[in-house]
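J.: The opening residue of the sequence shown carries number 673 in my numbering; numbering runs sequentially from there.
Yeah, the Cβ is synthetic: ideal placement off N, Cα and C, and Gly gets one too.
Please read through the structure below; I'll follow up with questions.
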Amino acid sequence: MKKNDPFSNKKFGITCIKFDFVSAKYFIMAAIIMFHIVPLLLMFSAEAQTILYSIFMVMLNPLFLLLEHLIYSARHGFNFKLPLISSVLGALSIVMYYYFQNSAYMLMTGIAMLVVYLVISLVGAVVGGFVKSYL
Numbered sequence: 673m674k675k676n677d678p679f680s681n682k683k684f685g686i687t688c689i690k691f692d693f694v695s696a697k698y699f700i701m702a703a704i705i706m707f708h709i710v711p712l713l714l715m716f717s718a719e720a721q722t723i724l725y726s727i728f729m730v731m732l733n734p735l736f737l738l739l740e741h742l743i744y745s746a747r748h749g750f751n752f753k754l755p756l757i758s759s760v761l762g763a764l765s766i767v768m769y770y771y772f773q774n775s776a777y778m779l780m781t782g783i784a785m786l787v788v789y790l791v792i793s794l795v796g797a798v799v800g801g802f803v804k805s806y807l
């Protein structure tokens, strides 16, 4: 990053950048693979819903989001749009691939996990922005 770069600035000690799809395309593709391709492949097994509920929705997806945004922000700087895009992709996968008995329960779980995914990805992005600023 150059000193007089018009597309980045420091706010509150975090390097903030203007979002562009060129630098984020691999991270968005990784999110699509993690949230949509892997659950689609798991749908063909007998224990698919148990695996999706207990492992993917609660443990692997938030860990993936944290690491993805930590790496992206440490390399490029903090921005708000990539965590928002990844969180929406994650919430859409819950509505598409997870089976619930009640549609209202599915909607509430999707909204709750959208908030959880957004908070976790923003934490990763903020920590990555601090790493970019101070290292």
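Please check the pair residue 786 and residue 760, which I expect to be a contact at CB under 8 Å, by giving their CB distance rounded to whole angstroms.
T.: Within the sequence shown, the letter at position 114 stands for residue 786. Within the sequence shown, the letter at position 88 stands for residue 760. That belief holds up - the Cβ atoms of residue 786 and residue 760 are roughly 7 Å apart, short of 8 Å.
J.: Taking only the alpha-carbon atoms, compute the straight-line gap between residue 746 and residue 726 and give it to the nearest angstrom.
T.: On the sequence shown, residue 746 is found 74 positions in, with the first residue counted as 1. On the sequence shown, residue 726 is found 54 positions in, with the first residue counted as 1. For residue 746 and residue 726, the distance between alpha carbons rounds to 30 Å.
J.: Cα-Cα, which of 714, 762, 737, 789 is closest to residue 800?
T.: Residue mapping note: residue 800 aligns to position 128 of the sequence shown, counting from 1. Looking at the Cα atoms, 737 is the closest of the given residues.
J.: Would you list the one or two residues that DSSP bridges to residue 750?
T.: Position 78 of the sequence shown, counting from 1, holds the residue named residue 750. Answer by DSSP bridge pairing, in chain order: 688.
J.: Rounded to a whole number of angstroms, what is the C-alpha to C-alpha distance between residue 731 and residue 779?
T.: Taking the sequence shown and counting its residues from 1, one reaches residue 731 at position 59. Taking the sequence shown and counting its residues from 1, one reaches residue 779 at position 107. If you take the alpha carbons of residue 731 and residue 779, they lie about 20 Å apart.
J.: Using a C-beta cutoff of 7 Å, does residue 779 count as contacting chain B?
T.: The displayed structure is made up of one protein chain only, and chain B is not part of it.
J.: Distance, Cα to Cα, residue 782 vs residue 702?
T.: Here the question's residue 782 lines up with position 110 in the sequence shown. Here the question's residue 702 lines up with position 30 in the sequence shown. When rounded, the distance between both Cα atoms is 20 Å.
J.: Suppose contacts are defined by Cβ-Cβ distances below 7 Å. Is residue 869 in contact with residue 740 by that definition?
T.: Nothing about residue 869 can be reported from this structure: the residues present for the chain run from 673 to 807 only.
J.: Give the straight-line distance between the Cα atoms of residue 754 and residue 776, rounded to the nearest whole angstrom.
T.: Here residue 754 corresponds to residue number 82 of the sequence shown, with the count starting at 1. Here residue 776 corresponds to residue number 104 of the sequence shown, with the count starting at 1. Cα-Cα distance, rounded: 28 Å.
J.: What's the gap between the Cα of residue 766 and the Cα of residue 729?
T.: Counting from 1 along the sequence shown, the entry for residue 766 is found at position 94. Counting from 1 along the sequence shown, the entry for residue 729 is found at position 57. Going from the Cα of residue 766 to the Cα of residue 729 covers about 8 Å.
J.: Would you decide whether residue 784 is buried or exposed? Buried here means 16 or more other CB atoms lie within 10 Å of its CB.
T.: In the sequence shown, counting from the first residue as 1, residue 784 sits at position 112. Looking at its Cβ environment, which holds fewer than 16 other Cβ atoms inside 10 Å, residue 784 is exposed.
J.: Which residue marks the beginning of the alpha helix (DSSP H) containing residue 701, and which one marks its end?
T.: Taking the sequence shown and counting its residues from 1, one reaches residue 701 at position 29. That run of the alpha helix (DSSP H) goes 693-704.
J.: On a Cα-Cα basis, can you pick out the residue from 721, 709, 793, 744 that is closest to residue 694?
T.: Residue 694 sits at position 22 when you count from the first residue of the sequence shown. With distances taken between Cα atoms, residue 694 lies closest to 744.
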